[in-house]
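Student: Got a structure for you, questions after.
2 protein chains.
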Amino acid sequence: MRGLHALTLGDLLDENARRFPQRTAVVCGEERLTFPAFHQRARRCATMLSDLGVAEGDRVAWFAQNCHRYLETFFACALLGAVAVPLNWRVTAAELEGLLDSTAPRLVLYQRREVGDVADAARGEGGGSPWIAIDDPSSGGYDARRDAATSGLPQLDVDDDAPVLQMYTAAFTGRPRGALLTHRGLVAQNLAQIIALGLGAGDAYLCSGPFFHIATFMTASAHFHIGAKNVLLPRADGAEIARLIDAERITGALIMPPTITDVVAAAKAHGYRLASLRVPPTPERPDNREWLEMTSRLPGIPAGYGQTEVHGLATLNLLALDGMGAQGVASPVALVRLLDPDGDDVPPGEVGEIAVKGPLVMAGYAGEPSPPEQTGWRRCNDLGRREEDGTITFIGPRTELIKTGAENVYPIEVENALRAHPSVHDVCVIGVPDATWGQSVKAVVEPAEGATIDVDELIAFCRERIASYKKPRQVDVVAALPRTATGAVDREVVRDRRGGGGAVGLGTATATQHR
Amino acid sequence: MRGLHALTLGDLLDENARRFPQRTAVVCGEERLTFPAFHQRARRCATMLSDLGVAEGDRVAWFAQNCHRYLETFFACALLGAVAVPLNWRVTAAELEGLLDSTAPRLVLYQRREVGDVADAARGEGGGSPWIAIDDPSSGGYDARRDAATSGLPQLDVDDDAPVLQMYTAAFTGRPRGALLTHRGLVAQNLAQIIALGLGAGDAYLCSGPFFHIATFMTASAHFHIGAKNVLLPRADGAEIARLIDAERITGALIMPPTITDVVAAAKAHGYRLASLRVPPTPERPDNREWLEMTSRLPGIPAGYGQTEVHGLATLNLLALDGMGAQGVASPVALVRLLDPDGDDVPPGEVGEIAVKGPLVMAGYAGEPSPPEQTGWRRCNDLGRREEDGTITFIGPRTELIKTGAENVYPIEVENALRAHPSVHDVCVIGVPDATWGQSVKAVVEPAEGATIDVDELIAFCRERIASYKKPRQVDVVAALPRTATGAVDREVVRDRRGGGGAVGLGTATATQHR
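Protein sequence lines correspond, in order, to chains Z and H. Residues 90 to 604 in our numbering are what the first sequence lists, from first letter to last. Residues 90 to 604 in our numbering are what the second sequence lists, from first letter to last.
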């Protein structure tokens, strides 16, 4: 809705400048912005976008690493009723071109450092939308254009049920689809995260995960909402993380296990204090004892069930730490049911499809008609079980999904890339347990008649087509893939025979490392 | 909105039965209901209401003390899209008649014990809506009718922007007006209270204040939302409060200072343990030391600015305990500005009218056209000041208001009652400081020509017309009231000469005793 009862992200930006005039909102490299200073920046950015033709409903694409300029752009879009579209900066030029085709942005903001070549290749000759480099120090660059714009943009009446963020997720089809996340959904998620994590204005969050993933963004957004500080890093770097935890008195961060080793080493080498950071009491590992000694404790290992399509987490274990189900109870802003194929509730103890209702459900996928479920419940395509105490256990995706680190890899996408190779007749991609990343990608290949598979060459072939983290780390060559009676590859048998496993739910994987 | 993205109070009722199947929702006398048991009761009540003709938008009046049946009725109304109207059970029959006239309920639920005579007098001969006694044990009473109804009411698609609660407030005009509170506003207030008070499922709230006031209701509602327990008392009774704090491990309660003395005495006499209850570190008083020794501490004295028209509190000091402004910062679900008469922001340090935007703003007053501010901000008719640190200090109502205990008394209403007496020419009613209740009501009377005022008789005359707590406790008789140049009574001069003072803000007064 618009008007008197609306609460948009633009409203939140304005209010935080009023209620937290002396608090720090964002720290990014040399930049250190109070809420009023950040507010002025975002308002200038909104004028800049408006002058470039961005209006209500338009998309603004962001192809760059974490940066305060992204947060400025996001809130500027919120003020205009426009939609920010953060893109994964690790994709290939071909993938970026596809994402931009489907986004149809009115404006592209991109970064020259590290990813400028990919951006240039994807941009091609095309006239089309303006492209502005965020790290171009000239008068045509982002900073100069923003600073030349007025902060006195007229107040627009924005609909808080409309999307403000288009976040790509490749779940279920293997083809990236833009989940449309709304003002109302993001505000609801902020409040749920504030409650679950017990956040206050004194907290400080280290944004070392990427903003194009919902896990980092929803946590950063909740910190902003309650008046806490967000400290941004362009990518996860152990030494820099250790320095910032000390310097900024960081209380929360999503740090993956391999990086923890580097953080511990840097803290020891430089005498950094990490005691402000609250981390889960994770199981024992060689470097774990030191990590736990140096940091403070969360009450448990944060977990939950979620997906981008419900603005992040729809269940939260921190609200029921002693519950039987590892993913806890429905978020205070979500309704959760477990349904059989007919749409009836399955009884406690039985597995059903997770379904969600309420403000957390996305507005739909960009460019696709609203699903028929608009008047009912969102079917999440994931399986869960309700325990006798009301808590929920995530069982697994209804469709195949490999989780490697915080990334989702969808076998169908990797299989499509590998099948394009002339030596490949058919292929089945599975996830196998990986001590570092939870799972890694394995391809089981049936060669074309008379062909020989050169494994290194096949992986390189794949790497040219899709992002590096999606390529198989292992390739097994088999004479014939097992098949079902209908002739389809029998994925279950491949998994059993070829070491498949290690799968965890999206919610679990992202939330376990939550802060 | 309706459908997929809606989150109504009926949805919350359903969800809590799923996620908290083993937790206690409500304790009231001998009744002890888990969330699923309460859910069944409320669903049966909804069928009963529906069978009695209650449909979307209809009013159901409640004229009774605190009771689990009110909460059943409230959630039943939520399921139906109907509106619960809790009425002050301390009003006179004439006042009740007026309230019922303006409510036009489809159904009246009332209590025979204590207030049956007033109910009967107000009902008169009238056919009209059905009246059902909640304490009638016959087959025509509430319990028998509810238990005879099915819990299998079809799921209705209710609009969460629509009102679900009509709560009377006499602010500003002296005439009671029904503030229309919405599903969305109540859910937003729940989340804000959960954040401010740090509530969890292990909490237990003692509802000793009346549900027809927003302070008690919003706190009880927040406890329900997060899976905590509500323990109900029909009225504040020190000995019973002490017993329940011990027996139910109460963590929060709104207890007025005079009652605290009784609670302490009962705890000492019977050995009740009060340590589960968290209370503010209030200033020293004779019985205060023992009270503080027996109980646990809140981090500060909860306070905030609010009014019924914004679903309770719009600012919360618990989010900024060391802030300069006693009423803290804007709630996480509210936008707050301080405006001059032209609608422009006044600078920090200057007094302006408090204005609120967002889901906390009511849908309007029952039976009145939507105010022109529907597209802008709600002007609260109260004055405040923003401090340099962004926190807010409540200054006072723009119109006269007397606070005696938790009750609002509006001078204009008392003056109207007194002016009807033949011996009274004119009168000015003011609030004077009262050690027990904050303020008490004083009337300064100018007699009619040649008339003599019999003070006791005048007070009795008033008592017949309005609720007892509104009658003057002191009456000064003066030859002539001071008047302004235009001939109006000069209220400021009366206050100065006749001991006026002791006023505190609505938010402060209710929230200081918050739990």
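The beta carbon of each residue, even a glycine, is placed where N, CA and C say it ideally should be. In this text the structure is predicted, and so the values were computed from the model without any measurement.
1) Does the beta-carbon distance from Z/ALA455 to Z/LEU269 come in below 7 Å?
2) Does the region 275-285 of chain H come into contact with the region 400-416 of chain H, if we say contact requires no fewer than three beta-carbon pairs (one atom in each stretch) closer than 8 Å?
3) For H/GLN528, collect the residues of the same chain with a Cβ closer than 6 Å to its Cβ; drop the 5 residues on either side in sequence, then sort them by chain order.
4) Taking 7 Å as the cut-off, decide whether the C-beta atoms of Z/SER512 and Z/ALA537 are in contact.
5) Residues of chain H with CB under 7 Å from Z/GLN416, in chain order?
6) Roughly how far, in whole angstroms, is the beta-carbon of Z/GLU442 from the beta-carbon of Z/ARG487, given that I think they are within contact range, below 8 Å?
7) Report the partner residues of Z/TYR361 according to the DSSP bridge assignment.
8) Leaving out five residues before and five after Z/THR597 in sequence, what residues of the same chain have Cβ atoms less than 8 Å from its Cβ?
9) Please report the straight-line C-alpha distance between Z/ILE501 and Z/GLY187, rounded to a whole angstrom.
10) In terms of residue numbering, what span does the beta strand (DSSP E) encompassing Z/ASN319 cover?
11) Across which residues does DSSP place H/THR404 in a beta bridge pair?
12) With H, G and I counted as helix, E and B as strand and the rest as coil, what does DSSP make of H/PHE483?
13) Pick out the complete alpha helix (DSSP H) segments inside the region 194-272 of chain Z, 4 residues or longer, and give them in chain order.
14) At a CB-CB cut-off below 7 Å, which residues of chain H make contact with Z/MET90?
15) Less than 7 Å between CB atoms is the rule here; does H/ASP433 satisfy it with respect to chain Z?
16) Do the region 101-119 of chain H and the region 140-153 of chain H meet, that is, are 3 or more Cβ pairs less than 8 Å apart?
17) Just list the residues that DSSP pairs H/TYR454 with in beta bridges.
18) At a CB distance below 8 Å, what residues from the region 129-153 of chain H approach chain Z? Give them in sequence order.
19) Any idea what DSSP makes of H/ILE283, helix, strand or coil?
20) So, with DSSP's three-state summary, where would you put H/ALA444?
21) Any Cβ of chain Z within less than 7 Å of the Cβ of H/ALA419?
22) Smallest Cα separation from H/CYS156: which of H/ARG386, H/ASP585 and H/PHE127?
23) Counting beta carbon pairs with one atom in the region 196-206 of chain Z and one in the region 218-227 of chain Z, are three or more of them shorter than 8 Å?
24) Quick one, which of Z/THR575, Z/ALA506, Z/LEU570 and Z/ALA569 has its alpha-carbon nearest Z/PRO561's?
25) Which same chain residues end up closer than 6 Å to H/VAL498 when comparing Cβ atoms and leaving out the 5 residues on each side of it in sequence?
26) Counting contacts by CB-CB distance shorter than 7 Å, is Z/GLU104 in contact with chain H?
27) Residue range of the alpha helix (DSSP H) that H/ARG554 falls in?
28) Under a three-way DSSP split, which group does H/ARG338 fall into?
29) Listed in chain order, which residues of the region 109-128 of chain H have Cβ atoms closer than 7 Å to some Cβ of chain Z?
30) Spell out whether any CB of chain H is found under 7 Å from the CB atom of Z/ALA600.
31) Would you identify the three-state DSSP class for Z/LEU449, choosing helix, strand or coil?
32) Whole angstroms are fine: how far does the CA of Z/PRO265 sit from the CA of Z/GLY539?
33) At a CB-CB cut-off below 8 Å, which residues of chain H make contact with Z/ILE59?
34) List, in chain order, every chain Z residue whose beta-carbon is nearer than 8 Å to that of H/HIS314.
35) Please report the distance separating the alpha-carbon of Z/GLY99 from that of Z/ALA167.
36) On the DSSP letters alone, give me the boundaries of the alpha helix (DSSP H) that H/ASP585 sits inside.
Tutor: If we stick to the structure as given:
1) yes
2) yes
3) ILE491, LYS492, THR493, GLY520 and GLY591
4) yes
5) By Cβ distance, chain H contributes nothing, its closest Cβ being about 11 Å from Z/GLN416, past 7 Å.
6) 7 Å
7) Paired residue(s): none; Z/TYR361 is not in a bridge.
8) Confidence at Z/THR597 is low in this model, with a pLDDT of 33, below 50, so the placement of that residue should be treated as unreliable; the coordinate-derived value is given next. The residues are ALA392, GLY393, TYR394, ALA415, GLN416 and PHE483.
9) 17 Å
10) 318-321
11) H/ALA419
12) strand
13) 205-212 and 231-237
14) ASP250
15) no
16) no
17) H/ALA268
18) none
19) helix
20) strand
21) yes
22) H/PHE127
23) yes
24) Z/ALA506
25) ILE491, VAL530 and LYS559
26) yes
27) 544-554
28) coil
29) PHE109, PRO110 and GLN111
30) Confidence at Z/ALA600 is low in this model, with a pLDDT of 30, below 50, so the placement of that residue is unreliable and no value is reported for it.
31) coil
32) 35 Å
33) Only positions 90 to 604 of chain Z appear in the structure, and residue 59 of chain Z is not among them; the question remains open.
34) PRO421
35) 5 Å
36) 580-586
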